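Below: one structure, written as structure tokens.
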Amino acid sequence: MNNMSYGILKKALDTASLRQETISSNIANVNTPGYKVNKVAFESHLKQALDGTGLVRTDDGHMHIGGSDTLDPTVHKRTNTSVKDNGNNVDVDYEMAELAANNIYYDAVVSQLNAKYAMMRTVLK
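Residue numbers for the sequence shown follow this note's numbering, so the first one is 69 and each next one is one higher.
What follows is the structure, encoded as structure tokens:
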């Protein structure tokens, strides 16, 4: 168990929280004319970080993972969904599915973190 794995799990929990906020905002704006859906990206950043093909370390205080260094989720507009007459592209069914998936993701990350803490408690006994 190293600090890097705890750092990644922390980032994953932060991502789940940001994703929850983003999806909730999308749903809340279902009737807002011209609103464009936001989406959180993290897993692709993590993959790039672990295989060394992506991100660049911008500060010595940032964690170092493989060939990469910064690992933060990003929010961007989702453009691959259809737009309604009012210019809004929120699909409530899709957002609710994303919300359910995010809850599963969060539970999985918490399980991983709990397992790491259980191992640490066993080692310290």
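The C-beta atom is built at its ideal place from N, Cα and C for all residues, glycine as well. Computed from a predicted structure; not experimentally measured.
DSSP puts residue i in a beta bridge; with which residues?
i, result
"Lys145", "Asn106"
Is DSSP giving residue i helix, strand or coil here?
i, result
"Thr100", "coil"
"Ile133", "Legend: pLDDT at Ile133 = 48, less than 50; position of this residue unreliable, value from coordinates given subsequently. Three-state DSSP puts Ile133 in a strand."
"Gly75", "helix"
"Lys193", "coil"
"Asn157", "coil"
"Val177", "helix"
"Asp140", "coil"
"Ser150", "coil"
Where does residue i land, buried or exposed, given buried means 16+ other C-beta within 10 angstroms?
i, result
"Pro141", "buried"
"Arg189", "exposed"
"Ala80", "buried"
"Pro101", "exposed"
"Glu89", "exposed"
"Val177", "buried"
Compute the distance between the beta-carbons of residue i and residue j, then report whether it is under 8 Å.
i, j, result
"Asn106", "Lys145", "yes"
"Tyr103", "Asn156", "yes"
"Val143", "Asn94", "no"
"Thr147", "Val108", "no"
"Ile91", "Leu192", "no"
Taking the alpha carbon of residue i as the point to measure from, which residue in the options has its own alpha carbon closest?
i, options, result
"Phe110", "Gly102, Gly155, Ser85 and Asp175", "Ser85"
"Asp119", "Pro101, Ile91, Lys104 and Leu139", "Leu139"
"Val160", "Arg87, Val177 and Asn97", "Asn97"
"Ser73", "Lys193, Thr190, Ser112 and Asn182", "Asn182"
"Leu114", "Thr149, Lys152 and Gly75", "Gly75"
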